[in-house]
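Q:
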Amino acid sequence: MTEYSTESSFLPDVHPKVIESEAQSAQEIRRAAWFEARGAREQNKTRAGIVKRRSKLRARTFDFLFGAAAKTVKTLGLHDHLAARAADLVLTELDFHFHDLPPAFDGYRILHISDPHFDSLRQLEQAMLAVLGGRPVDLAVVTGDIADRFNGPWKTFLPPMRRLISGIAPADGFYAVLGNHDSWRMVAPLEALGVTMLINETAIIDKAGSCISLTGVDDPSNFYSPEADRALWTAPAGFKIALVHSAELADTASEAGHALYLAGHSHGGQISLPGGLPIMTGMQRLRKFSRGAWRHGGMDGYTSTGAGVSGMPYRLFAKGEIALLTLRRKP
Ligand SMILES: [Fe+2]
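Count along the sequence shown from 1, add 5, and you get the number used in the numbering used here.
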């Protein structure tokens, strides 16, 4: 069962139906304000991370360099080979151990997908399903960058997402947050496909009265707002998982008592130096969490190298992945 946590859901001695309608209207009002603010920032191309605004000149420079590199690769006749290699994903399987995991969730399998950028690589969902190989999944989460371009044919993410959802068929549903490449306009069509979008919101996963929570926030790398911090801090007590496009809010989530933090955004550098050392992470802070498993305070984290690509359809020393994460209860 899934329900949204809002301040009104904690009101005492009110009929549950009343709580539900108040919670829904509070969510609708808050989302309407968010749609307006996010839409304005997308329209004005106003990008701001937690530390500072994103420079438009810097973005144009990288667009130019990526375009020039892609042209060079095509001229050398290497495009098809390198693009096929970029779509050659791995399945990373990891166990995370927690003392405070509710016993009902011991062995719980979360499929973590990040950064598919579906309009950049064709049939990427087929590569994901192939590498997953039919393994059972309790919950699937996408930590942003479902699409690649705001102003491109952005609805191209819908058919692959539909195939991915039906191919994985997670028992407890499919959840997602937006990345810096995703538009507010994607929320409604994704929800119509059955994806629960978490826009600075918390969902509760309930197994026979035993619960864990999922808090998902809007992208902090380019569309940061204090609403993201508020959502992380106001998640209900208990075993808490944070879904954030980038790892840049790891310190806040750790202080707020989250047990696990799932992120992407960096693509592991996408074009990295030998040994997987990223040249660029797209992060303004906490770059040490730009790839793989990490720990901050009492919180575990995992930053996916992402499934898709952006800028140019190639990867170097940064293989794409999806991750099957199993929650284990420490005795
Ligand atoms: Fe991305």
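Glycine included, each C-beta is placed from N, C-alpha and C at the ideal position.
Return helix, strand or coil for S10, following the three-state DSSP convention.
A: Taking the sequence shown and counting its residues from 1, one reaches residue 10 at position 5. Note that S10 scores 36 on pLDDT, short of 50, meaning its location in the model is unreliable; the coordinates nonetheless yield the value given after this. Reduced to three states, the DSSP call for S10 is coil.
Q: Given a threshold of 16 other Cβ atoms within 10 Å of its Cβ, counted over all protein chains shown, does W238 qualify as buried or as exposed?
A: The residue given as residue 238 occupies position 233 in the sequence shown. Burial call: exposed.
Q: Report the rounded CA-to-CA distance for D187 versus Q29, giving the unit in angstroms.
A: Counting from one through the sequence shown, the residue named residue 187 turns up at place 182. Counting from one through the sequence shown, the residue named residue 29 turns up at place 24. The alpha-carbon atoms of D187 and Q29 are separated by roughly 24 Å.
Q: With C-beta atoms as the reference, is L137 less than 8 Å away from A92?
A: The residue you call residue 137 lines up with position 132 of the sequence shown. The residue you call residue 92 lines up with position 87 of the sequence shown. Result no, Cβ atoms of L137 and A92 do not sit closer than 8 Å.
Q: Closest to A64 by C-alpha separation, out of M285, L329, D85, would be which residue?
A: Your numbering for residue 64 matches position 59 in the sequence shown. Nearest C-alpha to A64: M285.
Q: Work out the CA separation of T201 and G82 for me, nearest whole Å.
A: By one-based count along the sequence shown, residue 82 stands at place 77. By one-based count along the sequence shown, residue 201 stands at place 196. Cα to Cα, G82 sits roughly 42 Å from T201.
Q: To the nearest angstrom, how far is it from the Cα of A74 to the Cα of L195?
A: If you number the sequence shown from 1, residue 74 lands on position 69. If you number the sequence shown from 1, residue 195 lands on position 190. Going from the Cα of A74 to the Cα of L195 covers about 33 Å.
Q: For the alpha helix (DSSP H) that L70 lies in, which residues bound it at each end?
A: Residue 70 sits at position 65 when you count from the first residue of the sequence shown. Where L70 is concerned, the enclosing alpha helix (DSSP H) stretches over 61 to 80.
Q: Please report how far the alpha carbon of L278 lies from the alpha carbon of R320, in whole angstroms.
A: Stepping through the sequence shown from its first residue, residue 278 is reached at position 273. Stepping through the sequence shown from its first residue, residue 320 is reached at position 315. L278 and R320: Cα-Cα distance of roughly 11 Å.
Q: Between the region 148 to 157 and the region 83 to 102, are three or more C-beta pairs nearer than 8 Å?
A: Flag = no, the region 148 to 157 and the region 83 to 102 do not touch.
Q: Assuming the contact rule is C-beta atoms closer than 8 Å, S230 and M288 should be a hit. Round their C-beta distance to whole Å, please.
A: Sequence index remark: in the sequence shown, residue 230 carries index 225 (1-based). Sequence index remark: in the sequence shown, residue 288 carries index 283 (1-based). Between M288 and S230 the Cβ distance is about 17 Å, and since that is not below 8 Å, they are no contact.
Q: Taking 7 Å as the limit between beta carbons, can you name the residues of its chain near K57, skipping five residues before and five after?
A: Residue 57 sits at position 52 when you count from the first residue of the sequence shown. Contacts found: Q289.
Q: A109 and S215 - do their beta-carbons sit closer together than 8 Å?
A: Within the sequence shown, numbered from 1, the residue matching residue 215 stands at position 210. Within the sequence shown, numbered from 1, the residue matching residue 109 stands at position 104. Contact flag set, yes.
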